Amino acid sequence: MASPRADAPSKIILSASDLQRVVDRIAHQILEKTSGATGTVLLGIPTRGVPLAHRLAARIHAFEGIDVPVGSLDITLYRDDLRLQATRALGKTELPGGGIDGRRVVLVDDVLYSGRTVRAALDALKDEGRPSSVQLAVLVDRGHRELPIRADYVGKNIPTSLAESVRVSLTETDGLDEVKLTGGDK
Amino acid sequence: MIKHLRSAADLDAATATLILDTAGEMAALAGREVKKLPTLRGRTVVNLFYEDSTRTRISFEAAAKRLSADVINFSAKGSSVSKGESLKDTALTLQAMGADAVVIRHPASGAPHRLAQWVDGSVVNAGDGTHEHPTQALLDAYTMRSRLGRLDGLKVAIVGDVLHSRVARSNVLLLTTLGAEITVVGPPTLIPLDLAAALSPATKVSYDLDSVLPDMDVVMMLRVQTERMQDSYFPSAREYSRRYGLDIARMRKLPEHAIVMHPGPMNRGMEITPEVADSSRSTIVEQVANGVSARMAVLYLLLGGKA
Amino acid sequence: MTSYLLRGVSVLGAAPADLLIRDGVISSGAPEDAEIIDADGLVALPGLVDLHTHLREPGREDAETVETGSRAAALGGYTAVFAMANTSPVADTAGVVEQVWRLGREAGLVDVQPIGAVTVGLAGKQLAELGAMATSAAGVRIFSDDGHCVADPRLMRRALEYVKAFDGIIAQHAEEPRLTEGAQMHEGEVSTRLGLTGWPAVAEEAIIARDVLLAEHVGSRLHVCHVSTAGSVEVLRQAKARGVRVTAEVTPHHLLLTDELAASYDPVYKVNPPLRTASDVHALREALIEGVIDIVATDHAPHAVEDKECEWAYARPGMVGLETALPVVLSVLGERWELIAERMSRTPARIAGLTGHGTDLKVGQPANLTLVDPSARRVVDPAELASRSRNTPYAGTTLPGRIVATFLRGEPTVLDGKAVK
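Protein chains in written order, with numbering that gives the first Met the number 0: chain A, 0 to 185; chain B, 0 to 306; chain C, 0 to 420.
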C-alpha cells in the first residue's frame, strides 16, 4: 500500500463506531454462513488481519458464547512480488492448536485489492495442511482485482481509483480505529 | 538491505536482529510436514567450496533448497592457485551462469571479498581462512537467544585457539553488536595481541579459564588443532586440556543456567570432554539444526527482494 | 651529438637560468645551433638513482624486461637503476650480471647496474662468487639476496667482511624468516581483524640490530633495504650515532601508505616488507628528512596480472614504483629540491660508488638530469604505465609533479613526458 503524502486530500470512510458495527456484522454473517462457526478457524493475515481476526472471534464469543480458534498466517514467503521491492521482514505464522486439517478456514485481511495477497495465502495454507474449505473475510473491498478472487464477507465496498489508497488503522497496531481514503484527484 | 555477507561486521544491530527473527520464523516452518517454501524459485545459489566441509555445505544446500532456489555445488577442492582455474576465472564462469548468490568456503582469508569484486550476485562467506565465518556466528547467536531469551548483556566466554579461529572473529563482532559481553580465553600464544583494538574495544582477555567460568552465561569452546603443538603454541595436548579444556569439574563452576557451545567438529578429550559435550547444557546438536534456519534467513534477506 | 639549451630552467628551485648541454656534459659558452627546450616553470634535478629495482629479466619477461623497466625508470626521472639479483636464473655469477648489464646498455635508457646475489641461488647457504661479479664487466659493488634475508648470522658476517676487498656493500633484506613464516601483512590490529598472518615489526628490527652490530664488529659497510618500521629507525639512529657505517633506504610506498589498505584484500597492496601503521609512516618521513634514513629507493616490483588478480595469500608481494616515486616523494616532502636531490640522486650514487651520477648540474659535469613540472597534477592510470606490469597501488590517485624530460649523458631519454625510444 503506497503511503500517501501528508498533504494529500483524505476522506474518512469508516469511523471508529462504523468499524465496530462492520466487524459485528461480519461476525454475524460468519455465524450464519458457517452454521454457528462449528469446525471453523480464523486466520488473520499479518499485519492488520491478525487483530481483525481476534476481534471477530471476540464478537462471535460475545454473541453466541462460542470460542473460535484464531491464528495468523504470514504470506511473505509466498508473495509473487518479492523482487519488486526491498526484502520484507516476515510476520508470524501461528496456527491454533489442532491445526487446520479438515476445518473451515476463514482468512481475515484488512483490504482486498489485487487479490494477490489472498492467492499467496491460499498457497501458504496448502503447505500448512488441508482445510475442508477456505473463506475470506475483509474489512474493505476496494476493487481492481487482478485474479479471480472474491470475498465471502465484506465489511464495506469502496469504489476507488488506482491513484487512491486505502489506509486502515486499528487500535492494536496504529492507536486508533479508522479507515481513510487518500490521494487521487480530490 | 545488505548485498553481501562477507563479515559479521557487515551487520548492524538492526539487520542482525532481523536475521535472527527471520531465522525464528524459518525454524517454526521447519516443524511442519511441507518444509519447502516457494520464496526463491528461479534463483540460483552456487556453493563454491574450496575446502572440505560437508556439514557447512549441506547446511547451506538444505537452506537454499527449502527456499526453492536452484542449487549448484561447485567443489573446487585441492585447487591451490598453481593448479586449476583461478578464483577470478571461476567467478566469471559463475557470473555467466547467472548465479544470484555464491556461498564460498575458501582457505584464504578475504577470498569472499575478492569474489564480490568479480561477480554481480550476492556473496556469502561460509568460512574464509583464519578470517570469519559469519553464518556460524548467526546460528550461535540464534542458539543463545533461543536458550537464554536474550543477547543483550549476556556474558560469553570464547575459549581456545582464537588466533586461528574464524568462528571466534565473527562471534566477537556479531555478539558485541548485539550487546553481549565477550571474554576470550586461551593461552597467550593463541590470543592475538591486538584483539580488543582490532575487533571491539570492550572485549576482555583472560588466560585463566577457571576464574572466568563462574560469571558466564555461555561458554563457547573452539576446536584446537593438535598441529599447533608443532608450532610451539602450547607444549602438549595434555597440558592444553588441563589448562583450557572443559571437563565436568569445570562445567560445574558455571552458573546453573549457563550453556556450553561448540561450533564443531569437536576434538573430544582435547578442548571438551565427551561428558560435557553430551550433557544437557550442551547445545551442539541444536547448533547444527539452527544452522539451516539461520542460513535460510540469510539467503532470504539477501535474495528475497529487489536485487 | 645534438646540443640542448634548457631555457629558463630552475636548477633545484634556484632562479630561472639557461642550461646548456653539449657533448654529454653541462657546458658554457654560446648556445649556437643548440636545440632549445622551453623549461619555463620546470625544475632540474640531477638524474635520479634507484638502488632497488626489480627488472625481472632474465626469467619473468612477462612481468618486466630490462628494456621496459629502463623506460619506466627514465619516465620516472631516473638515469641509473640497480637491478636486484632475484631473477631466474639468479644473478649469482659473473655471467648473469654481465647479461643484465649488457641488456641495460642495449636499451640505453638508463644505466642499469646489476646487483649480485650474496648467496648461491639466494638460498642463504653458501657465498656466491662475489669477487667474480665485482671484477666482471658489470663491476658489481652492491650485493643482496633481496626477497630473502641473509638470516644465518655467520654467513652475514662473512659476506660483510669479504666484500671489503673490493669496496662492496651488502644490502640486507631485513626479515627474520622464522618470525615471518606465512606472513601476509603487518602484524597488528588490521591483521587481526582481517585474519591474515602477521609480519611483526620485530622481525625487521631484530635483523637490523644484529647486522649493525656485525658491521660494527667487522668494520664493514652495511646497507639496509626498505626500512619500514619506527623501531628500525631507532636502531639505525643509535647505530649511526655510534659511528657504524650503515646506510638505509625507504620506499615511496612506505612513506605514504598504511596497512589499513589491506582491508580491501586487494593484493595490489601486498608488499614485502608490508605496509605498516600511520605512526611508522610518520617516523619514516622524519627519519628521511633527518638523514637517519639516507635514501629513497623504489623497490619497483612488477608482477604479472595473474600474480595479483587472486586471493591475497596467493599473490606475490610487490608494487611497481619507478614512474611514481618522485611524485610520491614530492607529495610527502613538498618542493624541497635540495633534500630530494640528496635522497634520490647524490646519496644513492655515493653509496653505490657510482661515478657520473648524482653530480651537481655544473659546467663540466655529466649531463644526467631530469626536468620536473612541479605544478602539474596527474591521476595515476595503470594503463598508461610504461612498465610491463600494472600493479601500482596509486591507481586513481592524484599525485603532484610531472617528469617532462630526462637526459642521460646529454641525450634525452624522455622529452615532453614521453620516452624517446
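Glycine included, each C-beta is placed from N, C-alpha and C at the ideal position. Since this is a predicted model, take the numbers as computed values, not measurements.
Just curious, the alpha helix (DSSP H) that residue i is in, first and last residue?
i: B/F59; result: 53 to 65
i: C/A72; result: 65 to 74
i: A/R20; result: 15 to 32
i: B/R146; result: 133 to 147
i: C/P152; result: 152 to 161
i: B/A197; result: 194 to 198
i: B/N170; result: 165 to 176
i: C/R401; result: Segment 397 to 407 is the beta strand (DSSP E) holding C/R401; no alpha helix (DSSP H) there.
i: B/M295; result: 283 to 302
i: C/L384; result: No alpha helix (DSSP H) holds C/L384; DSSP gives it neither H nor E.
i: A/Q84; result: No alpha helix (DSSP H) contains A/Q84, which DSSP labels as neither H nor E.
Taking 7 Å as the CB-CB limit, is residue i close to chain C?
i: B/L86; result: yes
i: B/S78; result: Confidence at B/S78 is low in this model, with a pLDDT of 47, below 50, so its placement is unreliable and no value can be given for it.
7 Å is my cut-off, CB to CB: does residue i come that close to chain A?
i: B/T21; result: yes
i: B/G30; result: no
i: B/E24; result: yes
i: B/V33; result: yes
i: B/A8; result: no
i: B/L300; result: yes
i: B/S81; result: The pLDDT assigned to B/S81 is 42, lower than 50, so where the model puts this residue is not dependable, and the model offers no usable value.
i: B/L36; result: yes
Could you tell me whether any Cβ in chain B is nearer than 7 Å to the Cβ of residue i?
i: A/M0; result: Caution applies to A/M0, whose pLDDT of 44 falls short of 50 and renders its modelled position unreliable; the model cannot decide the point.
i: C/G58; result: no
i: A/Q134; result: no
i: C/W311; result: yes
i: C/T1; result: no
i: A/P3; result: Any answer about A/P3 is weak, because its pLDDT of 48 lies below 50 and its placement is not dependable; what the coordinates show is given next. No, A/P3 does not count as interfacial toward chain B.
i: A/L124; result: no
i: C/G187; result: yes
i: C/Y268; result: no
i: C/E308; result: yes
i: A/L76; result: yes
i: A/L81; result: yes
What is the C-beta distance between residue i and residue j, in whole angstroms, given that I count them as a contact (C-beta under 8 Å)?
i: A/L111; j: A/V117; result: 7 Å
i: C/L368; j: C/L44; result: 7 Å
Can you find the residues in the same chain that come closer than 6 Å, C-beta to C-beta, to residue i, ignoring five residues on each side of it along the sequence?
i: B/V166; result: H132, Q135, P262
i: C/S344; result: P45, L47, V48, G357
i: B/K324; result: No information on residue 324 of chain B is available, as it lies outside the stretch 0 to 306 that chain B covers here.
i: C/G230; result: A200, E204
i: C/A164; result: none
Residues of chain C with CB under 9 Å from residue i, in chain order?
i: B/L91; result: Near B/L91 there are no residues of chain C at all, since even the closest Cβ is about 11 Å away, more than 9 Å.
i: B/R227; result: Within chain C, no residue comes near B/R227; the closest Cβ sits about 13 Å away, beyond 9 Å.
Among residues of its own chain, excluding the 5 on either side of residue i, which ones have a beta-carbon nearer than 7 Å to its beta-carbon?
i: B/V80; result: Annotation note: pLDDT 41 at B/V80 (below 50); position unreliable, coordinate value reported separately. The answer is none, since no qualifying residue turns up.
i: C/G146; result: N85, L121, H172
i: C/G181; result: T196
i: B/R168; result: H130, E131, L198
i: A/A150; result: L111, L135, A136, V137, D140
i: C/W311; result: Q183, L195, Y264, P266, K269
i: C/L159; result: I169, L213, A214, V217, S219, L221
Just to confirm my understanding: we take residue i, look at its own chain, exclude 5 residues before and 5 after, and list those with CB closer than 8 Å. What are they?
i: A/H143; result: Y112, S113, T159, L161
i: B/P264; result: R54, R222
i: C/A394; result: V267, V379, D380, P381
i: C/V328; result: P251, L254, V295, I339, R342, M343
Against residue i, what residues of chain B qualify as contacts under a CB-to-CB distance less than 9 Å, listed in chain order?
i: C/T191; result: L162, R168, P191, L192, D193, L194, A196, A197, L198
So residue i contacts chain B; which residues on that side make the cut at Cβ distance below 8 Å?
i: C/G194; result: S108, G109, D127, G128, T129, H130, E131, R165, R168
i: A/Q84; result: G304, K305
i: A/A88; result: L17, D20, T21
i: C/E305; result: S85
Closer than 6 Å: is that where the CB of residue i sits relative to any heavy atom of the ligand PLP?
i: A/V22; result: Here there are no bound small molecules, and the ligand PLP is not part of this structure.
What are the boundary residues of the beta strand (DSSP E) that includes residue i?
i: B/M25; result: Element bounds for B/M25: not the beta strand (DSSP E) but the alpha helix (DSSP H), 12 to 29.
i: A/I74; result: A/I74 -> no beta strand (DSSP E), and no H or E assigned at all.
Check the Cβ of residue i against every Cβ in chain A and list those closer than 7 Å, keeping chain order.
i: B/A27; result: T92
Using a C-beta to C-beta distance shorter than 9 Å, which residues of chain A count as neighbours of residue i?
i: B/M0; result: A85, T86
Determine the chain B residues that contact residue i at a beta-carbon separation under 7 Å, and present them in chain order.
i: C/Y264; result: G109, H112, R113
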